[in-house]
Amino acid sequence: MTAIAFEAHSTQARWRRVAGVVYRDLAAMRRSPIRVFEILFWPVIELVVWGYVTLFLQANKVPFIVSALLGAVLLWQVLHRASNEVSIGFLEDVWSRNLINLHVTPVTPGEYVTGLILFSLIKIAGGLAVMVTLAYVLYGFGLFGVGIGLIPFMAVLLVLGWALALVAISAVLRFGEGAQVIAWSLVFVFQPVAGVFYPVSVLPEPLQWLATAVPASHVFEGMRAVLGGDPVPWDTLALAAGLDVVYVGVALWLYTATLRHARSKGRLSRFGE
Amino acid sequence: MAILEAQSLTKRFGPVQAVDGVGLTVGQGEITGLLGPNGAGKSTTLHMLLGLVTPDSGSVTMFGLDLQRHRTEVLSRVNFSAGYLGLPGVLHVREVLNSFARLYGLRDPRARVAEVAELLEIGPLLKRRTADLSSGQHTRVQLGKALLNDPELLILDEPTAALDPDAGERIRNLLVSVARETGKALLITSHNMREVERMCDTVHFLSAGRIVASGSAAELAAHFGVVDLEEVFLKVAREGVPA
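Residue numbers (the working numbering), protein chains in the order written: chain H, 1 to 273; chain A, 1001 to 1243.
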């Protein structure tokens, strides 16, 4: 150990390394206004389009739809951004041929992912704050009307998004840059069975069974229940949290196995070429 | 004292035996060169020493610690620079260095960045985006990154490849003085034979994944019956190793 550094396994060193990942991403965002624009652009577009759809439906005397759809748009963004922001953080290291530089530092895979996740939280919080404000100003919809249930709803979606991001990162490590399309699209594979904009009950029975294994479906069902005046369904939320643990466990296993495989096959080196 | 000990490293990629039984030792304050034609296995060897590539067999020990089992501790005392690596293009040089200083767990990242910037004379570049740097400036920033954690072992893949003769000379002098004055060990690859002659205490020649000759530049020239390392290189690359 050199005198200028914390002992490699100390808590200070670990947090300093995580902070390094966050610092780098924050600096990149500050230097690239287009990234700030990107955080807001698609969520705002979705909010505006769905917002006016719901206003149209409201005019046709289906008021419950308004809050259900707007709530769904906002919570879907939590899941979508959680997945994309972590994946993009990793892909930026691939695009800038910086991955080797990172992998020869003492940063552990866990610290790297923690840094990406913390940065994604910052971006999601910023984007969501704008969306929630817009939803209130434009349509009079207050997301906080969901009440205390909003916290576990969001937590389940964030964790699911991060798990999907780890799967996407693993795909890029395994198959190379060509697999980055997975980073953009993986979350949408879950959208049809997650019951984002409609109740799971409208799905065919086999898909309903599939939906019970998707944590997000319990969140969106729960959100509609709460907006409809029912209490927060803590039992199904607990099930969703349990499913999240399984998803994260599998994703972490996949990520570490893929990293090991990439080192074994020399694929990690090729990200520097 | 041996800073680095690699024993019997082998690596096969499909039908290609990239590295075949490479062993080398680098001592404190020693500058070691790893030479060989393109495809000889130099970069794969370096990447195995850095844990980027897992060897099929063999072991890497640094500071008496096994790399596989003490990765974090070992890598906090080592650093690496290569001309082919990139840096986040949107960031200013200062931000890149600040970020890596944190990734190496430094106590005072900003102070260390200022020290390294002065050492490598990259102060005027600190407020420039890395994407806007010339290749020579980029190389100096990469070297700055590699010195941030005051590494006991510095591994450099073609450290002066993109530098003009004047900048190359200054960087060579700096690296030699860093090794001599602070006892750092350097392991470098280069295709500049004059550079290797001037810098390296020991040179290992790689051909087809194997070390085919080792010694000082003068010893190798004498061994092959030629006048300098350039001719040794050409002889090994074109004719292979005499039995």
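Yeah, the Cβ is synthetic: ideal placement off N, Cα and C, and Gly gets one too.
Can you list, in chain order, the residues of its chain whose CB lies under 8 angstroms from that of residue i, leaving out five sequence neighbours each side?
{"i": "residue 1163/A", "result": "1136, 1139, 1140, 1171"}
{"i": "residue 1092/A", "result": "1126, 1127, 1128, 1129, 1130"}
{"i": "residue 1161/A", "result": "1083, 1139, 1190, 1191, 1192"}
{"i": "residue 146/H", "result": "71, 153, 223, 226, 227"}
CA-CA distance, residue i and residue j?
{"i": "residue 233/H", "j": "residue 225/H", "result": "8 angstroms"}
{"i": "residue 101/H", "j": "residue 1080/A", "result": "8 angstroms"}
{"i": "residue 81/H", "j": "residue 1125/A", "result": "35 angstroms"}
{"i": "residue 1105/A", "j": "residue 9/H", "result": "10 angstroms"}
{"i": "residue 1179/A", "j": "residue 254/H", "result": "41 angstroms"}
{"i": "residue 111/H", "j": "residue 1073/A", "result": "14 angstroms"}
{"i": "residue 210/H", "j": "residue 1155/A", "result": "51 angstroms"}
{"i": "residue 206/H", "j": "residue 1063/A", "result": "59 angstroms"}
{"i": "residue 230/H", "j": "residue 150/H", "result": "14 angstroms"}
{"i": "residue 140/H", "j": "residue 123/H", "result": "24 angstroms"}
{"i": "residue 982/A", "j": "residue 1232/A", "result": "A query on residue 982/A cannot be resolved here, the shown segment of chain A reaching from 1001 to 1243 and no further."}
{"i": "residue 1045/A", "j": "residue 1158/A", "result": "14 angstroms"}
{"i": "residue 47/H", "j": "residue 135/H", "result": "7 angstroms"}
Does any residue of chain A bring its CB to less than 8 angstroms from the CB of residue i?
{"i": "residue 89/H", "result": "no"}
{"i": "residue 104/H", "result": "yes"}
{"i": "residue 27/H", "result": "yes"}
{"i": "residue 84/H", "result": "no"}
{"i": "residue 266/H", "result": "yes"}
{"i": "residue 120/H", "result": "no"}
{"i": "residue 201/H", "result": "no"}
{"i": "residue 175/H", "result": "no"}
{"i": "residue 170/H", "result": "no"}
{"i": "residue 6/H", "result": "yes"}
{"i": "residue 255/H", "result": "no"}
{"i": "residue 263/H", "result": "yes"}
{"i": "residue 17/H", "result": "yes"}
{"i": "residue 9/H", "result": "yes"}
{"i": "residue 270/H", "result": "no"}
{"i": "residue 20/H", "result": "yes"}
{"i": "residue 38/H", "result": "no"}
{"i": "residue 13/H", "result": "yes"}
So, helix, strand or coil for residue i, using DSSP?
{"i": "residue 1129/A", "result": "strand"}
{"i": "residue 97/H", "result": "coil"}
{"i": "residue 1235/A", "result": "helix"}
{"i": "residue 244/H", "result": "helix"}
{"i": "residue 1048/A", "result": "helix"}
{"i": "residue 1223/A", "result": "helix"}
{"i": "residue 122/H", "result": "helix"}
{"i": "residue 1171/A", "result": "helix"}
{"i": "residue 167/H", "result": "helix"}
{"i": "residue 1024/A", "result": "strand"}
{"i": "residue 1001/A", "result": "coil"}
{"i": "residue 1138/A", "result": "helix"}
Please compile the residues from chain A whose C-beta is within a distance smaller than 7 angstroms of the C-beta of residue i.
{"i": "residue 96/H", "result": "1086, 1087, 1088, 1089"}
Could you pull out every residue in the same chain whose Cβ sits closer than 7 angstroms to the Cβ of residue i, ignoring the five residues on either side in sequence?
{"i": "residue 277/H", "result": "Past the edges of chain H, shown from 1 to 273, lies residue 277/H, and the structure says nothing about it."}
{"i": "residue 1243/A", "result": "Reliability fails at residue 1243/A, whose pLDDT of 47 lies under 50, so the model's placement of it is uncertain and the value that follows must be treated cautiously. So no residue of the chain qualifies."}
To which residues of the same chain is residue i closer than 6 angstroms at the C-beta, ignoring the five residues directly before and after it?
{"i": "residue 1050/A", "result": "1080"}
{"i": "residue 161/H", "result": "79, 82, 83"}
{"i": "residue 1202/A", "result": "1032"}
{"i": "residue 1167/A", "result": "1136"}
Please list, in chain order, the chain A residues whose beta carbon lies closer than 9 angstroms to that of residue i.
{"i": "residue 108/H", "result": "1071, 1072"}
Given that residue i touches chain H, what residues does it touch there, using C-beta distances under 8 angstroms?
{"i": "residue 1174/A", "result": "Those do not exist, as residue 1174/A stays about 18 angstroms from chain H at its closest Cβ, beyond 8 angstroms."}
Mind checking if residue i is an interface residue toward chain H, Cβ cutoff 8 angstroms exclusive?
{"i": "residue 1210/A", "result": "no"}
{"i": "residue 1243/A", "result": "Because the pLDDT at residue 1243/A is just 47, under 50, the model does not fix this residue reliably, and the point stays unresolved."}
{"i": "residue 1102/A", "result": "yes"}
{"i": "residue 1050/A", "result": "yes"}
{"i": "residue 1158/A", "result": "no"}
{"i": "residue 1181/A", "result": "no"}
Name the chain H residues that come within less than 9 angstroms of residue i, Cβ to Cβ?
{"i": "residue 1013/A", "result": "265, 266"}
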